[in-house]
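Student:
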Ligand code: GTP
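In full-length UniProt numbering, the protein residues as written are 4 to 601.
#1: Rounded to a whole number of angstroms, what is the C-alpha to C-alpha distance between residue 395 and residue 369?
#2: Flag this pair as touching only if the region 447-454 and the region 404-411 have three or more C-beta atom pairs under 8 Å; answer yes or no.
#3: To the nearest angstrom, how far is the alpha carbon of residue 274 from that of residue 365?
#4: Hey, which unbroken runs of the beta strand (DSSP E) at 3 residues or more fall wholly within the region 433-480?
#5: So what's residue 304 in DSSP terms, helix, strand or just coil?
#6: Pairing CB atoms from the region 311-325 with CB atoms from the region 267-285, are three or more of them under 8 Å?
#7: Return helix, strand or coil for residue 142, following the three-state DSSP convention.
#8: In chain order, what residues of the same chain have a beta carbon less than 8 Å from the beta carbon of residue 442, not counting five sequence neighbours either side?
#9: Under a three-way DSSP split, which group does residue 67 fall into?
#10: For residue 590, which beta-bridge partners are listed by DSSP?
#11: Would you give the residue range spanned by the alpha helix (DSSP H) that residue 427 belongs to?
#12: Name the two residues that bound the continuous alpha helix (DSSP H) containing residue 103.
#13: Note down the Cα distance separating residue 164 from residue 177, rounded to an integer number of angstroms.
#14: Extract the residue ranges of the beta strand (DSSP E) inside the region 235-275, only unbroken runs of 3 or more that lie entirely within it.
#15: Return the chain-ordered ranges of every beta strand (DSSP E) run that is complete within the region 338-371 and spans a minimum of 3 residues.
#16: If you follow the alpha helix (DSSP H) that residue 116 is part of, which residue opens it and which one closes it?
#17: Is residue 88 a contact residue of the ligand GTP, with contact defined as CB to any heavy atom under 7 Å?
#18: Go ahead and pull the three-state DSSP assignment for residue 606.
#19: With distances taken between CB atoms, is the gap from residue 500 to residue 490 smaller than 8 Å?
#20: Going by the beta-carbon positions, is the gap between residue 118 and residue 148 smaller than 8 Å?
#21: Would you list the one or two residues that DSSP bridges to residue 208?
#22: Tell me whether residue 602 counts as near the ligand GTP, meaning its Cβ is closer than 7 Å to at least one heavy atom of that ligand.
#23: Just list the residues that DSSP pairs residue 492 with in beta bridges.
#24: Taking DSSP's pairing of strands, which residues face residue 330 in a bridge?
#25: Whether or not the region 256-263 and the region 300-313 are in contact is what I'm after, with contact meaning three or more pairs of Cβ atoms, one per stretch, closer than 8 Å; do they touch?
#26: Compute the minimum distance between the beta carbon of residue 22 and the heavy atoms of the ligand GTP, and state whether it is under 7 Å.
#27: For residue 474 and residue 180, what's the separation of their Cα atoms in angstroms?
#28: Using 8 Å for Cβ pairs, my map puts residue 131 next to residue 158. What's the rounded Cβ distance?
#29: Once the 5 residues before and after residue 602 are set aside, which same chain residues still bring their CB inside 6 Å of it?
#30: Please determine, among 486, 478, 188, the residue with the shortest C-alpha to C-alpha distance to residue 507.
#31: Return the bridge partner residues of residue 96 from the DSSP annotation.
#32: Is residue 486 helix, strand or coil when you go by DSSP?
#33: Using only the alpha-carbon positions, how far apart do residue 420 and residue 514 sit?
#34: Alpha carbons only, please: which of 223, 598, 235 is nearest the one belonging to residue 243?
#35: Going along the chain, which residues of its own chain have a beta-carbon closer than 7 Å to the beta-carbon of residue 510, five neighbours each way excluded?
#36: Tell me which same chain residues have a C-beta within less than 8 Å of the C-beta of residue 69, skipping the five on either side of it?
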C-alpha cells in the first residue's frame with residue numbers, strides 16, 4: 004500500500020460512551036469481520052475486560068475501505084485503554100496515530116477522562132474528529148453537548164458528526180472523514196527502521212507478540228531486530244497485520260501497523276514505548292517518549308493457606324510474563340507468614356491482578372491495604388524507598404519522610420463542587436484552580452497526597468456526585484510531611500500487616516476509627532480480644548471484642564434445619580478468608596478496614 008493511502012487513527016472516549024460499539028460497527032461496515040463471526044465487542048478480548056466492560060489492553064485492526072471518490076484506503080484503528088492507571092499506554096498508542104476520533108455520548112457530555120486524552124492527542128499533534136454518539140437515545144442533547152465540546156475542548160463543532168454506533172447512523176460519514184481529515188503518514192520508507200511498540204502480550208506457544216507502528220523504514224520476516232531501550236536482539240519468526248485476526252505478511256513499511264514474534268521470552272524485554280530498529284543498520288536515535296511504567300501502589304499478598312505459597316509464586320511469575328508493570332518480591336510478615344509484596348500502576352491494576360490470581364490460578368489470598376512509596380532520609384542523608392509501612396524506621400533514625408503528590412483534575416456538575424472540595428480538604432488537598440465551563444461542567448484542580456487517593460477517593464467522588472463527576476490525575480513529585488507510623492495490636496500482638504503511615508494530625512482520628520471498625524469486623528472468640536492503635540509505645544485508641552458466650556446455633560431456635568445449614572455454610576465460607584494471627588482469626592475485610600473509615 005502506498006503511504007498516501009494509509010490512515011492511522013484511534014478512538015478517544017470516556018468509559019461507556021460507545022468506543023467498542025463504534026469500532027465493531029466500523030469493522031462490520033468495511034467487511035473486515037464477517038457478520039456471523041462478529042462477536043460482540045471484538046476488540047476487548049480478555050474475559051475479565053468484557054465482564055467489567057473496560058478496555059485494559061490495547062489492540063489494533065486493519066480495515067480496507069473504498070471511499071466515495073473510488074480510491075482504496077487502509078485504515079488502521081489502534082485501540083486505547085480507558086483508565087487512568089494505563090495512561091502511559093494511552094499516550095504510546097496515540098503516538099502511533101495521525102488522527103483521533105473523539106466520541107462523546109450526546110446524552111452525557113465531556114468527562115475528565117475524555118479531556119485528559121484530548122490533551123494527550125493534542126500533544127501528539129493528532130487531527131481530532133469530534134463525534135456525538137448515541138443520538139438515537141431520547142435523552143440525547145446534541146446541541147448542548149456540541150457546545151460543551153467547543154467550550155471545554157476548544158474544537159470547532161459546527162460540522163460535528165451525529166452518530167449512533169448502535170443503530171449504525173453516521174458511520175459512513177465517520178469513515179469518509181477519516182480518509183479526508185486524518186493526514187497520511189510521512190513517507191520515510193528510505194530511512195533506517197524505527198518502529199514504536201504500542202502493545203505486547205505473551206503467547207505460551209510463540210513467545211511475546213509485539214504490536215508496532217513503523218515510523219521509518221521497512222521490516223521483513225527474518226530480519227534481526229534490536230530493541231533500543233532493552234538493548235536485546237532477536238530474529239523475526241513471523242510478521243503480519245491485524246485484521247483483527249493475525250494475517251502473515253513478508254514485509255511492512257513506514258506508516259503501517261503490524262505484529263511480530265521473535266522468540267521473546269517476556270514482555271519486559273519488549274516494553275510498550277520501546278523502539279524497534281535493525282541490528283545491522285541501526286537508527287541513530289530511538290523514538291521520543293519512552294519511559295518505564297513504574298508501579299505506584301503496593302500491597303502484600305498472602306495465601307490464606309501457607310501451602311499455597313509456591314503456587315502463588317508460580318502464578319505471579321506467569322502473570323509477569325504478560326505484564327511488565329507488575330512487580331513482586333517475597334515478603335515475610337510476623338503476623339501473616341510468607342507472601343509477596345506486589346507493586347501496581349494503580350488501584351484498578353491491583354484489583355485486576357488480584358482477581359486473576361484468584362480466578363485463573365485458584366488461589367485464596369489475603370490482601371493488605373494499599374500503600375504508596377515513601378522516601379525516607381536517614382540521619383546520614385541516605386535516601387531509601389519504603390513501600391511497606393511496617394518497615395518505616397523509627398522517628399529517631401530519620402531526618403525526613405516524603406510522600407508522592409498528584410495533581411487531580413475533576414470535572415463535575417456545579418452542584419457537587421462544594422462536597423468535592425470538602426472531600427479534597429479532608430484528604431489534605433491543596434486547592435489549585437477552578438474553571439467553570441457550563442452548568443454541568445466545572446473543572447476542579449487539587450494537589451493531593453497519592454496515599455489519600457489510593458484508598459477510597461474514587462468511590463467517594465462517585466458517591467458524592469451521584470456518579471456524575473469524573474477524575475484524572477498525574478504525578479507531580481514528592482513532598483516532605485510530618486508522617487507517623489500507626490501500629491495496630493490485636494490481642495496484645497502487633498500486626499505488621501495492619502501497620503500504616505498517616506499524617507500526624509490525622510493519627511488520632513484514624514486510630515480511633517480503625518479500632519472501632521476492627522471491633523465490628525473481627526468475629527467474637529471464646530475469650531476477650533483487645534484491639535489497640537499505637538504510635539511507638541503510646542496507645543492512642545483501644546477497644547475490645549467481648550468473649551463469645553453461647554453456641555452460634557443456639558440462635559436458631561426451632562428445628563429449622565435448612566436455616567442451620569445455611570448458617571454453617573456461611574461460617575465455613577467466612578472461614579476460608581481468615582488468617583489466624585496468634586489465637587485470633589482475622590477476616591480479609593479487616594485488612595481493608597482502612598478503606599472504609601468514613
Ligand atoms: P469501555 O470499553 O468501557 O471503554 O466502553 P466503550 O466506550 O467501549 O462503550 P461500549 O461500546 O461498550 O458501549 C457502552 C454501552 O453503550 C453499551 O451498552 C452499548 O450498547 C451502548 N451504546 C453504544 N453506542 C450506542 C449508541 O449509539 N446508542 C445507544 N443507544 N447505545 C449505545
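Glycine included, C-beta positions come from ideal geometry on N, C-alpha and C. Here the structure is a predicted model, which is why all the values come from computation and not from measurement.
Tutor: Reading off the structure:
#1: The straight-line gap from Cα to Cα measures roughly 22 Å.
#2: A contact exists between the region 447-454 and the region 404-411.
#3: The straight-line gap separating the alpha-carbon atoms of residue 274 and residue 365 is approximately 28 Å.
#4: Listed in chain order, the complete beta strand (DSSP E) runs (minimum 3 residues) inside the region 433-480 are 433-441, 444-452.
#5: DSSP places residue 304 in strand when its eight states are reduced to three.
#6: Judged by Cβ distances under 8 Å, the region 311-325 makes contact with the region 267-285, as three or more pairs qualify.
#7: Residue 142 falls in the coil class under three-state DSSP.
#8: Here the set comprises 416, 417.
#9: In the three-state scheme derived from DSSP, where H, G and I count as helix and E and B as strand, residue 67 is classed as strand.
#10: Under DSSP, the beta-bridge partners assigned to residue 590 are 581.
#11: 420-429 is the span of the alpha helix (DSSP H), which, as asked, contains residue 427.
#12: Premise fails: residue 103 lies in the beta strand (DSSP E), 102-108, not in any alpha helix (DSSP H).
#13: Here the alpha carbons of residue 177 and residue 164 stand approximately 7 Å from one another.
#14: Segments of the beta strand (DSSP E) lying fully in the region 235-275: 236-238, 241-245, 249-251, 254-256, 260-264.
#15: As summarised for the region 338-371, the continuous beta strand (DSSP E) elements at least 3 residues long and confined to that stretch are 340-347, 368-370, given in chain order.
#16: Run containing residue 116: 115-126, per the alpha helix (DSSP H) assignment.
#17: With a cut-off of 7 Å, the C-beta of residue 88 is classified as distant from the ligand GTP, since no heavy atom of the ligand falls inside that distance.
#18: Outside the shown range of the chain, which is 4 to 601, sits residue 606, and nothing can be said about it.
#19: It is not a contact, given that the beta carbons lie outside the stated cut-off.
#20: No. Outside cutoff.
#21: In the DSSP output, where bridge partners are listed per residue, residue 208 has none listed.
#22: Residue 602 cannot be examined here, being either before or after the span of the chain that is shown, 4 to 601.
#23: Per DSSP, 497, 535.
#24: Per DSSP, the beta-bridge partners of residue 330 are 346.
#25: Taking a contact to require three or more Cβ pairs closer than 8 Å, the region 300-313 and the region 256-263 do not qualify as touching.
#26: Relative to the ligand GTP, residue 22 has its C-beta within less than 7 Å of a heavy atom.
#27: Distance between the alpha carbons of residue 474 and residue 180: 30 Å.
#28: Their Cβ separation, rounded to whole angstroms, is 6 Å, which keeps residue 131 and residue 158 in contact under 8 Å.
#29: For residue 602 there is no data in the structure shown, the boundaries of the chain being 4 and 601.
#30: Among 486, 478, 188, the Cα nearest to that of residue 507 belongs to 486.
#31: In the DSSP output, where bridge partners are listed per residue, residue 96 has none listed.
#32: Reduced to three states, the DSSP call for residue 486 is strand.
#33: About 29 Å.
#34: Residue 243 has its Cα closest to that of 223, out of 223, 598, 235.
#35: Hits under 7 Å: 487, 489, 538, 543.
#36: Cβ within range, chain order: 75, 76.
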